[in-house]
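Novice: In this text, residue positions in the sequence shown follow my numbering: the first is -13, and each later residue adds one.
For every residue, glycine included, the Cβ atom is placed at its ideal position computed from N, Cα and C.
I'd like to ask you about the structure that follows.
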Amino acid sequence: MEEKILIKSVLEGYHFLDKIVKKLDSNVMTKSVNSYHTQSCAETLNLANDVLKITERKHKLLCLKQMIEECVKMMPQEYSKVIALRYFDCFKLADIAKMLEIGIKKVSRTIDKAIIYVSRFFSSKGFDFVRLTAYLQDENWLLGIYGKHLNFSNKYAHKNFVMNYV
């Protein structure tokens, strides 16, 4: 279940990736400009290390974006439609149902199947749950989305347990 929640979080974070990459580019430019004003080799080295870390982070995010896009291109059209509408365009389930002229439950089931497809795709690329979590360890914003979904899921599961068994 946690793996599905992580994949859902990664998909939800997709539409932020370009904004974050642009911000990282801006940070590199700022640090590059500031490097002209450094007074010591140590300051220059620190700025260079910062630029390298930012560039590595940008590369990771662009690879993540590329994997998501590759996966969506390969998945069945029924899945790609709902994934694009839900996670790339941020439509609500009811809106997707109206657009596709299907029921909300059908949309929900299709999204669940598509998330399983994405999870398997990521695993086939060497990014199972553990590796993907490690890959994203420095992306607090994305792990925050995951934590939010995980907490909601745990509260919901607890509520269902209490309602059904107490």
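Closer than 8 Å is the cut-off here; do at least three beta carbon pairs connect the stretch 47 to 59 with the stretch -8 to 10?
Specialist: Flag = yes, the stretch 47 to 59 and the stretch -8 to 10 touch.
Novice: Scan the stretch 38 to 117 and note each continuous alpha helix (DSSP H) run of 4 residues or more that stays entirely inside, going in chain order.
Specialist: 63 to 69, 79 to 86, 90 to 110
Novice: What is the DSSP secondary structure of S122, reduced to helix, strand or coil?
Specialist: The sequence given here places Leu at residue 122; Ser does not occur at that position. Coil.
Novice: When you compare each of S94, A28, L38 to F77 by their alpha carbons, which one comes out closest?
Specialist: In terms of CA proximity to F77, S94 leads the group S94, A28, L38.
Novice: Helix, strand or coil: which one does DSSP assign to M(-13)?
Specialist: coil
Novice: Can you tell me which of L129, K134, E125 puts its alpha carbon nearest to the alpha carbon of R43?
Specialist: E125
Novice: Roughly how many angstroms separate the alpha carbons of T96 and M(-13), rounded to a whole number?
Specialist: 17 Å
Novice: Would you say I(-7) and F108 are within 8 Å of each other, going by their C-beta atoms?
Specialist: Contact: yes.
Novice: Using beta-carbon positions only, say whether M99 and Y65 come within less than 8 Å of one another.
Specialist: With the sequence shown as reference, residue 99 is identified as Lys, and Met is not the correct amino acid for it. Yes.
Novice: For L118, does the count of other Cβ atoms within 10 angstroms reach 16, so buried, or fall short, so exposed?
Specialist: Buried, since its Cβ has 16 or more Cβ neighbours within 10 Å.
Novice: Less than 8 Å between the beta carbons of I(-9) and N13, yes or no?
Specialist: no
Novice: Can you give the Cα-Cα distance for Y151 and Y132, rounded to whole angstroms?
Specialist: Its pLDDT being 32, under 50, Y151 is placed unreliably by the model, and the measurement read from it follows with that caveat. Straight-line measurement puts the Cα of Y132 at about 28 Å from the Cα of Y151.
Novice: Just the Cα atoms here: how many angstroms apart are G112 and S105?
Specialist: 11 Å
Novice: Report buried or exposed for M60, applying the criterion of at least 16 other Cβ atoms within 10 angstroms of its Cβ.
Specialist: exposed
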